[in-house]
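J.:
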Amino acid sequence: MRKKLVDRIAFLIFIIFIIFSFLLLREKINYLISRKQTILPFAKIDKNKIIKIIFEDENKKTEIYKKNDHWYLKKDGSEFKADEERIKKTINALVSLKKEEIISKNKNKHKNFGIDKRKVTFYVNKNKFSIYIGNSVNFASNFIRFDDDETIFLADNLNDIFSNVDWRDLKVKLINDQEKINSIEINYSSKGKKIILVKEKNNWKINEKNAKKERVDFFINDLITLKADDIINQENFTLLNPEITINVKENNQLKKAGIFSIDTNYYLLKIEGNKLIYKIKKIYISSLEKDEDDFIQ
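Residues 5 to 301 (the numbering used here) make up the sequence shown, in order.
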């Protein structure tokens with residue numbers, strides 16, 4: 005009898021131990037979950053459901069909005085495509101923000117940390133979330149605070165957000181798909197010369213001579229990455245007699261561009277059928293000037 009009693013007591017103690025351990029574990033799990041929600045305040049946000057972002061830097065305000073799965077903004081009364089690569093990087097940085105080290109809980113010190121100058125607000129359906137971004141620390145972190153929370157934290161990966169206030173997509177886009185190019189012709193009318201690159205199967209030729217693929221690829225990359233400093237309104241310029249013309253046949257569709265000199269530092273580039281005019285530094289266009297020997301030697 006005594007042995008049975010001891011066994012029952014031992015079993016009861018074991019059950020109590022199991023229940024107590026479970027309760028402790030559950031509390032620990034709940035603490036870790038709540039801690040993660042505190043440290044990663046936007047972890048549950050679906051990045052694809054963000055529909056608008058507003059950047060405010062003192063007196064400057066830029067609103068970027070999503071339309072037909074692409075990002076746009078308006079400037080000087082015109083609508084432009086936004087730089088989607090930069091926006092994607094920014095959204096990733098915002099959604100993955102962590103509340104790192106607490107710096108201050110005194111709202112009177114916001115100005116000391118630069119918290120009063122810059123703000124990013126993003127919208128998910130009808131909900132909005134604001135992040136106040138202050139001074140940088142060691143080029144890696146920034147002082148920040150969230151919405152109406154007066155606490156100032158340190159956070160990473162935010163320095164690039166306000167490094168450039170122009171959120172337009174300034175890439176010229178002379179080429180859409182490198183693999184579908186049939187030919188490229190560049191006529192330097194002011195210098196009386198022309199180059200014509202023709203693709204035959206997987207080989208490139210220039211003036212019926214074989215061109216080196218790596219040199220053609222390098223040249224095509226210069227065309228693909230060509231970027232403007234500004235996009236301007238055509239009404240302000242009369243564009244006649246281009247110094248350089250570029251014809252790109254891609255998938256048997258021809259894209260024509262004219263390049264016009266406006267001063268000692270800049271060209272204007274206009275693609276036929278496109279209302280946009282790209283203002284590009286002359287040094288970038290000059291790097292496109294090639295001779296036959298540049299492709300065959």
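All C-beta atoms in this analysis are idealised placements derived from N, C-alpha and C, irrespective of residue type, glycine included.
Could you check if Thr229 is buried or exposed, using at least 16 other CB atoms within 10 Å of its CB as the buried criterion?
T.: Flag for Thr229 reads exposed.
J.: Flag this pair as yes or no: are the beta carbons of Lys198 and Asn191 separated by less than 7 Å?
T.: A contact, by the Cβ cut-off of 7 Å.
J.: Three-state secondary structure (DSSP) at Thr94?
T.: In the structure shown, Thr94 sits in a helix (DSSP, three-state: H, G or I).
J.: Put Leu227 into one of helix, strand or coil per three-state DSSP.
T.: Reduced to three states, the DSSP call for Leu227 is helix.
J.: Please report how far the alpha carbon of Arg122 lies from the alpha carbon of Phe133, in whole angstroms.
T.: Taking the straight line from one Cα to the other gives about 14 Å.
J.: Does the beta-carbon of Leu244 have 16 or more other beta-carbons within 10 angstroms, so that it is buried, or is it exposed?
T.: Leu244 should be labelled exposed.
J.: Would Ile284 and Leu273 qualify as a contact pair, given that the criterion is a beta-carbon distance under 7 Å?
T.: Yes, the Cβ-Cβ distance between Ile284 and Leu273 is below 7 Å.
J.: Are Glu104 and Ala159 closer than 7 Å when you measure CB to CB?
T.: Yes, the pair counts as a contact, with Cβ atoms nearer than the cut-off.
J.: For Asp152, list the residues DSSP reports as bridge partners.
T.: Looking at the DSSP assignment, Asp152 forms no beta bridge with any residue, so it has no partner.
J.: I need the boundaries of the beta strand (DSSP E) containing Phe126, first residue and last residue.
T.: Taken as a continuous stretch (DSSP letters only), the beta strand (DSSP E) holding Phe126 covers 122-128.
J.: Where DSSP assigns a beta bridge to Glu189, which residues make up the other side?
T.: The partner list for Glu189 (beta bridge, DSSP) reads Ile200, Asn251.
J.: Cβ of Phe117 within 7 Å of Cβ of Asn139?
T.: The answer is yes: Cβ separation under 7 Å.
J.: Excluding sequence positions up to five away, which residues of its chain have a Cβ less than 7 Å from the Cβ of Glu254?
T.: The answer, listed in chain order, is Ile179, Asn180, Asp181, Lys184, Ile185, Asn186.
J.: Please report how far the alpha carbon of Ile210 lies from the alpha carbon of Phe223, in whole angstroms.
T.: Looking at the two C-alpha atoms, the distance is approximately 13 Å.
J.: Along the chain, where does the beta strand (DSSP E) containing Ser82 start, and where does it finish?
T.: Segment 82-85, the beta strand (DSSP E) holding Ser82.
J.: With distances taken between CB atoms, is the gap from Ile95 to Ile54 smaller than 7 Å?
T.: Yes.
J.: Report the CB separation of Tyr282 from Ile248 in whole angstroms; it is logged as a contact under 8 Å.
T.: That belief does not hold up - the Cβ atoms of Tyr282 and Ile248 are roughly 13 Å apart, past 8 Å.
J.: Considering only residues of the same chain and omitting the five flanking positions on each side of Lys51, which have a CB-CB separation below 8 Å?
T.: Cβ within range, chain order: Ile95, Asn96, Val99.
J.: Where Lys205 and Asn131 are concerned, what is the direct C-alpha to C-alpha distance, given to the nearest angstrom?
T.: So the alpha carbons of these two residues sit roughly 53 Å apart.
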